[in-house]
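Chains as they are written, first to last, in the numbering used here: chain A, 1 to 115; chain B, 1001 to 1116.
Glycine included, C-beta positions come from ideal geometry on N, C-alpha and C.
Shown next, in structure tokens, is the structure this report addresses.
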Amino acid sequence: AQSVTQLDSQVPVFEEAPVELRCNYSSSVSVYLFWYVQYPNQGLQLLLKYLSGSTLVKGINGFEAEFNKSQTSFHLRKPSVHISDTAEYFCAVSDVRRGAQKLVFGQGTRLTINP
Amino acid sequence: DSGVTQTPKHLITATGQRVTLRCSPRSGDLSVYWYQQSLDQGLQFLIHYYNGEERAKGNILERFSAQQFPDLHSELNLSSLELGDSALYFCASSARPGRERPYEQYFGPGTRLTVT
Chain A
1 AQSVTQLDSQ
11 VPVFEEAPVE
21 LRCNYSSSVS
31 VYLFWYVQYP
41 NQGLQLLLKY
51 LSGSTLVKGI
61 NGFEAEFNKS
71 QTSFHLRKPS
81 VHISDTAEYF
91 CAVSDVRRGA
101 QKLVFGQGTR
111 LTINP
Chain B
1001 DSGVTQTPKH
1011 LITATGQRVT
1021 LRCSPRSGDL
1031 SVYWYQQSLD
1041 QGLQFLIHYY
1051 NGEERAKGNI
1061 LERFSAQQFP
1071 DLHSELNLSS
1081 LELGDSALYF
1091 CASSARPGRE
1101 RPYEQYFGPG
1111 TRLTVT
């Protein structure tokens, strides 16, 4: 079984400042890793994913994440945030062995951008 | 727009009632997943269908059931509703193995269920 821990439930930052949203996972098998964003009153949109290969992955809207197998982490970063990045961010994993089956989500991190 | 559609957008009903939520996957996707998002439980996987067959079950209550029809749309049936069933219910779809990006799930806008 897998589990995901998002270490911060809320992260307030000022506009144009850098941000890091932390995600740790636990799994006895290899996993795929994902970050999703949920804007107010909307569904989830995929930001980026790690399947294999380079541990630094780039996604949409200027976000990137780094997979660290030894620390079982997949932290999300953006060098300069905008007001429009205000949203809830979810880290998720799925079992590699079973392909595209269930996603196990973290509890989410609410990112608030202050002007 | 993810290409996944869900109806209705909002649903208000009373305890003890039964409701049906509908999902249409992206064109060509064979897999449909249902998730529940609530304040206390977060986002939880309920059930996965692939080409009409149930493939995996998560924390789905016995009062809940789902099916996927030959045209690949799916329905989630919730019965004997309780106050605690109030939540946002998401449907997601993914491409079949061998197609592009088979590991990505595309989410619909959700159905917000309020049980009073």
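- Assigned with DSSP and collapsed to three states, V96 (chain A) falls in helix.
- Here the region 66-74 of chain A does not lie against the region 1016-1031 of chain B, with fewer than 3 beta-carbon pairs under 8 Å apart.
- In the assembly as shown, Y1049 (chain B) is a buried residue. Its beta-carbon has 16 or more other beta-carbons within 10 Å.
- Scanning B:R1063, B:T1114, B:E1104, B:E1053 for the CA closest to the CA of Y1089 (chain B) turns up B:T1114.
- Of all residues in the region 28-55 of chain A, only Y32, F34, Y36, Q38, N41, Q42, G43, L44, Q45, L46, K49, L51 come within less than 9 Å of chain B when Cβ atoms are compared, listed by chain position.
- Restricting attention to B:R1018, B:L1011, B:T1007, the CA atom closest to the CA of F1064 (chain B) is found in B:R1018.
- The beta carbon of E1104 (chain B) sits closer than 7 Å to the beta carbons of S1094 from its chain, once the five residues preceding and following it are set aside; these are given in chain order.
- Identification of residues in the region 1051-1072 of chain B having a C-beta nearer than 8 Å to some C-beta of chain A yields R1055, A1056, G1058, given in sequence order.
- Distance from the CA atom of L56 (chain A) to the CA atom of Y1033 (chain B), rounded to whole angstroms, is 28 Å.
- For secondary structure counted as the beta strand (DSSP E) over 3 or more consecutive residues, the region 69-113 of chain A holds these complete runs in sequence order: 73-78, 87-95.
- Comparing alpha carbon positions, the residue from B:F1069, B:D1085, B:S1002 closest to G43 (chain A) is B:S1002.
- Contact with chain B is found for L103 (chain A), since one of that chain's Cβ atoms lies less than 8 Å from the residue's Cβ.
- Per DSSP, the unbroken beta strand (DSSP E) holding V19 (chain A) starts and ends at 19-21.
- Between I113 (chain A) and E20 (chain A), the C-beta spacing is not below 8 Å.
- Only those residues of the region 70-90 of chain A whose C-beta falls short of 7 Å from the nearest C-beta of chain B are listed: F90.
- The beta-carbon distance between V4 (chain A) and C23 (chain A), rounded to whole angstroms, is 6 Å. This is short enough to meet the 8 Å contact definition.
- In this structure Y1035 (chain B) is in contact with Q1044 (chain B), their Cβ atoms being roughly 6 Å apart against a cut-off of 8 Å.
- Against chain B, the beta carbon of Q107 (chain A) has neighbours under 9 Å at G1042, L1043, listed in chain order.
- At a cut-off of 8 Å between beta carbons, Y1103 (chain B) contacts chain A.
- A Cβ-Cβ separation of about 13 Å leaves Q6 (chain A) out of contact with S26 (chain A) under the 8 Å criterion.
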